[in-house]
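Given below as C-alpha cells:
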C-alpha cells in the first residue's frame, strides 16, 4: 500500500529525514511516535506530496509520489489527511465543508454528496451540527468534521498528523474514539501521535523516530513491553510516567 524507500528531506543545511524506510500494508494501522523535531510530521506529509523530498521514493498504491501533477491529484483523491488544526473553511457550514471535495474534485452529484455527507456526520456523532459553522463548534467537534470531510472522498488510506494535539483534554477522547472505530473497520492508517493509549488499542505496529531516522519498528505489544532501542525505552519511560 505505502512503500517509503531511502527518504531524505532537507531544509537548507538541516537534514530532517535521513534515509527512512517503511512499508505499510493494506488495512494496517501504524502509529509514528517520537520526540518533537524527530521528523514524524515531515515523513507523513511526504506520503501525499505535501512536502517535497530530496531523495528516495514514496509509492502509494502504485502511484509514485511527486512524479507528475496529474498523478498527485489522483493520489490526493485516494488518501485522506487530517491535520492538527482542522483546516475547515470558516465561511462554509459543516455540511458544505464535507460536500466541497465531493462536488468539485470527485464531480459527485450534489444530491449524492449531501447524502454521503449526512451519513458521515452521523458516523462521527454530529448529525445535528450540519448547519453550524466551524466557529460554533468545539475543537473536538471540528476535528470530527475534518475526519468526515477526509472520509467523504472514499479514501483507500488515512493520514493523521497529531490530530489531538490542539485539543483540550476532555475533547481528545471523542476524536480518538472515531479513529479507533476506523481502525477496527480495517482502514489503512498512518498516525502521528503522542496518545499512547490509542496506540496500544489501535496500532498493529509502532514506528519510533528520533533525529530524522526511524530508530525502531515493532509490533505494538513488543514495542511497549520490550523496546529494543535505548532511545525508545527512554521515550516510553518519560511519556508513560505522566
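In the numbering used here, the protein residues as written are 593 to 834. We put the beta carbon where it would ideally sit given N, CA and C, even for glycine. Just so we're clear, the structure is a prediction, and the values are computed from it rather than from any experiment.
Alpha carbon to alpha carbon, how far is residue i from residue j?
i           : j           : result
residue 775 : residue 636 : 18 Å
residue 763 : residue 755 : 11 Å
residue 713 : residue 758 : 21 Å
residue 687 : residue 706 : 7 Å
residue 726 : residue 613 : 38 Å
residue 810 : residue 675 : 25 Å
residue 818 : residue 800 : 13 Å
residue 808 : residue 699 : 42 Å
residue 639 : residue 728 : 32 Å
residue 661 : residue 651 : 15 Å
residue 629 : residue 604 : 16 Å
residue 790 : residue 595 : 24 Å
residue 773 : residue 824 : 27 Å
residue 816 : residue 683 : 44 Å
residue 821 : residue 829 : 13 Å
residue 721 : residue 765 : 19 Å
residue 747 : residue 724 : 25 Å
residue 777 : residue 806 : 28 Å
residue 886 : residue 792 : Past the edges of the chain, shown from 593 to 834, lies residue 886, and the structure says nothing about it.
Going along the chain, which residues of its own chain have a beta-carbon closer than 8 Å to the beta-carbon of residue i, five neighbours each way excluded?
i           : result
residue 607 : 600, 601 and 804
residue 658 : 641, 644, 645, 650 and 664
Do residue j and residue i have their beta-carbon atoms positioned less than 7 Å apart in this structure?
i           : j           : result
residue 593 : residue 646 : no
residue 780 : residue 670 : no
residue 597 : residue 649 : yes
residue 785 : residue 798 : no
residue 695 : residue 702 : yes
residue 641 : residue 750 : no
residue 643 : residue 655 : no
residue 667 : residue 634 : no
Please work out which residues of its chain come closer than 7 Å, Cβ to Cβ, to residue i, disregarding the five sequence neighbours upstream and downstream, and give them in chain order.
i           : result
residue 770 : 716, 736 and 739
residue 589 : Because the chain here runs from 593 to 834, residue 589 falls outside it and cannot be looked at.
residue 767 : 732, 735, 736, 755, 756 and 759
residue 744 : 690, 693, 694, 708, 709 and 712
residue 831 : 786 and 788
What first and last residue would you give for the beta strand (DSSP E) that runs through residue i?
i           : result
residue 661 : Segment 661-670 is the alpha helix (DSSP H) holding residue 661; no beta strand (DSSP E) there.
residue 595 : 594-603
residue 615 : 606-616
residue 797 : 797-802
residue 808 : 805-811
residue 651 : 647-652
residue 779 : Residue 779 -> no beta strand (DSSP E), and no H or E assigned at all.
Just to confirm my understanding: we take residue i, look at its own chain, exclude 5 residues before and 5 after, and list those with CB closer than 6 Å. What are they?
i           : result
residue 719 : 713
residue 621 : 775, 781, 794, 795 and 796
residue 632 : 624, 626, 784 and 801
residue 741 : 689 and 690
residue 752 : 674 and 783
residue 681 : 689
Tell me where the alpha helix (DSSP H) around residue i begins and ends.
i           : result
residue 639 : 632-639
residue 788 : 788-794
residue 628 : Note, residue 628: premise wrong, no alpha helix (DSSP H); not H, not E.
residue 826 : 822-831
Requested in this report: Please specify which runs of the beta strand (DSSP E), each continuous and at least 3 residues long, are wholly inside the stretch 697-770, giving them in chain order.
Outcome: Restricting attention to beta strand (DSSP E) runs no shorter than 3 residues, the stretch 697-770 encloses them at 749-753, ordered along the chain.
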